[in-house]
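Protein chains in written order, with the working numbering: chain A, 4 to 153; chain B, 24 to 303; chain C, 32 to 139. Quick reminder that beta carbons are idealized off the backbone N, C-alpha and C, glycines included. All figures in this text were calculated on a predicted structure; none of them were measured in a lab. Each remark here refers to the structure printed beneath this line.
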Amino acid sequence: MNMDRRQFVLTSAAAFAALSVNAVPAFAANGATADDRIKEFTGGAEIAEGRVTLNTPEIAENGNTVPISVEVDSPMTDDNYVQSIMVVADGNPNPEVVTFNFTTMSGVAAAKTRIRLAKTQNVIAVAKLSDGSFQMAKNEVKVTIGGCGG
Amino acid sequence: MKILRRSAIVALSVSMVGAVAFAGPDDDKLVIEGETIVTDVKAPAGSPLDHIYSGWRFRSDETQSLQTDDFENPAFAAIENAIAQFDTVDGKAGKSCADCHSITDFEGLRTQLPRWNEELGKPETLEMIINRSRTEHMQAEPWKWEAPEMLGMTAYIGLQSRGQPVDVDTEGPMAEWAAKGKELYYTRVGQLNMSCAQCHEANYGKMIRADHLSQGQVNGFPVYRLKWGGLGSSHRRFKGCMRNIRAEPYQPGSDEFIALELYVASRGEGLSVETPSVRN
Amino acid sequence: MASKPRVKVPKQAAAGEVITIKTLISHTMESGQRKDRKTGDLIPRKIINKFTCYFNDQEVFSADIDPAVSSNPYMEFSCKVPESGTFRFVWIDDDGSEYSTEKKITVQ
């Protein structure tokens, strides 16, 4: 990150402020949006909501390492299971984050990892089920730029 | 009649004027792998602080939880490498660390560092102890202060003292160095003309922009900083802080930072060693 | 770079029990977004792009990983263990290197 741009201001009456700073240097981007990736993943099919649980912090203490977990309510049997869950972030230079692929041996369709978020944005999880249907969940994560670093 | 309206210009970076928001350390208790870690103690007589708090107490719940389990703690990726390194022959003497040491030899060591080295005529940090062994006993190249191998090894060795109280010696020959460290701690530097004390003593618990200020303790170093995406030493942290104040920083391994590390460690007497800690 | 993976798998389980597996591997996960401070050039991307868990050679779980996954990638997932056997975990780097480790489990 560009340390030089950081203005360091300490006021004795500073109250908590969640800041989202949009002044980021030009990123190398592949041009796709989160919506593009979702359309690719679903082939344009309708996406329902309600079965995907996406856990993200409300405020990420540092955008470099944001813990997320995702789970889909599913019996994970041979005729009824979750094939994959794709996670995208709509404010990152490139939207794709990770795609988890499950099998019936997974037992539960659940996974956790840690991700990078460049700024405050939505994290979206889209699940593909064995019956060809899709489910999603979307959370906003506030990403702050801290006051002190090194 | 036309009423002219003036619209307020909303700036993205903002300083809020109002009541002082003392968020303070939280009340969470730190238990790692079943072991209770002391994250706050009443300050000893003569301390400029009333109560001493570990930096863990100032972090968000998500960051805190990363430290509670040795499989969640990202620092352990580097410690796995250090465990392998400990058994690896390195240097012309054809020895590995394991040829002379069992890792349990180092239990308690981290609590005493920096400590006096009579031969050197100055205090030594863990990095210096490791390099002394490497060059003198293994005839191997010394590691750079922030080399991944050094960070992994100081984390692995520091881990052996986790849960034990910080107890550095500031008497005898160490007194001069502790005094020097204290002077550095309270001296304003840089374009922003600030000292360590202004944030970490006078204003800990408050927010500096979106960061929750801690007391700046060193009981958990080397620390896995989410911002760095990896481990870093206390000297690296000191250097970064100085840069933020727009001061010319001292270098890792310098006498100034050794003195500062000693003094800051003494400010945390009684806290448990938390190495490897996780912070933002 | 030295990448010794770290994996937590219970040593024992009941048949059909769903266990949690935690994995961590040290890797910078160079995203390809950072610039070299001196030259201003972009530092090329170099990440672990695939992680797979096999049980007795059958795939249990995998992750297709992009640069937005943090350094020292952590993956936690589940497995419904049918019988005793061996887990194998494989991480693949952009440059083709493979890192792997195995863990045995006993099912009563």
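With distance defined between alpha-carbon atoms, name the residue in the options nearest to residue i.
i, options, result
"residue 127 of chain C", "C:86, C:77, C:135, C:94", "C:77"
"residue 208 of chain B", "B:111, B:57, B:86, B:218", "B:218"
"residue 49 of chain B", "B:221, B:163, B:235", "B:235"
"residue 115 of chain C", "C:81, C:62, C:58, C:40", "C:40"
"residue 148 of chain A", "A:73, A:92, A:63, A:113", "A:63"
Report yes if the CB atom of residue i is closer than 8 Å to the CB atom of residue j, and no otherwise.
i, j, result
"residue 99 of chain A", "residue 125 of chain A", "no"
"residue 180 of chain B", "residue 249 of chain B", "no"
"residue 92 of chain C", "residue 106 of chain A", "yes"
"residue 52 of chain C", "residue 84 of chain C", "yes"
"residue 239 of chain B", "residue 223 of chain B", "yes"
"residue 272 of chain B", "residue 265 of chain B", "yes"
"residue 188 of chain B", "residue 287 of chain B", "no"
"residue 176 of chain B", "residue 153 of chain B", "yes"
"residue 96 of chain A", "residue 89 of chain C", "no"
"residue 75 of chain B", "residue 293 of chain B", "yes"
"residue 227 of chain B", "residue 98 of chain B", "no"
"residue 66 of chain C", "residue 72 of chain C", "yes"
"residue 72 of chain A", "residue 115 of chain A", "yes"
Between which two residues does the alpha helix (DSSP H) containing residue i stretch?
i, result
"residue 221 of chain B", "219-223"
"residue 177 of chain B", "171-182"
"residue 143 of chain A", "Note, residue 143 of chain A: premise wrong, no alpha helix (DSSP H); beta strand (DSSP E) at 137-146."
"residue 257 of chain B", "257-267"
"residue 108 of chain B", "99-109"
"residue 286 of chain B", "278-290"
With H, G and I counted as helix, E and B as strand and the rest as coil, what does DSSP make of residue i?
i, result
"residue 191 of chain B", "coil"
"residue 120 of chain C", "strand"
"residue 106 of chain C", "strand"
"residue 87 of chain B", "helix"
"residue 105 of chain A", "strand"
"residue 303 of chain B", "coil"
"residue 207 of chain B", "helix"
"residue 26 of chain A", "Per-residue confidence for residue 26 of chain A stands at a pLDDT of 37, beneath the threshold of 50, marking its modelled position as unreliable; the derived number appears in the next sentence. In the structure shown, residue 26 of chain A sits in coil (DSSP, three-state: anything other than H, G, I, E or B)."
"residue 132 of chain C", "strand"
"residue 126 of chain C", "coil"
"residue 156 of chain B", "helix"
"residue 116 of chain B", "coil"
"residue 80 of chain B", "helix"
"residue 199 of chain B", "helix"
"residue 185 of chain B", "strand"
"residue 46 of chain C", "coil"
"residue 38 of chain C", "strand"
"residue 121 of chain B", "helix"
"residue 56 of chain A", "strand"
What first and last residue would you give for the beta strand (DSSP E) that runs through residue i?
i, result
"residue 92 of chain C", "89-96"
"residue 84 of chain C", "79-86"
"residue 42 of chain A", "Run containing residue 42 of chain A: none in the beta strand (DSSP E); it sits in the alpha helix (DSSP H), 37-45."
"residue 111 of chain A", "Careful: residue 111 of chain A lies outside any beta strand (DSSP E) and carries neither H nor E."
"residue 91 of chain A", "85-92"
"residue 65 of chain C", "From DSSP, residue 65 of chain C is part of no beta strand (DSSP E); its letter is neither H nor E."
"residue 119 of chain A", "Careful: residue 119 of chain A lies outside any beta strand (DSSP E) and carries neither H nor E."
"residue 215 of chain B", "Segment: none, residue 215 of chain B is in no beta strand (DSSP E) and carries neither H nor E."
Per DSSP, which one or two residues make a beta bridge with residue i?
i, result
"residue 147 of chain B", "B:138"
"residue 74 of chain B", "B:65"
The region 95-108 of chain C: which residues have C-beta closer than 9 Å to a C-beta of chain D, in chain order? Of the protein chains in this structure, namely A, B and C, none is chain D.
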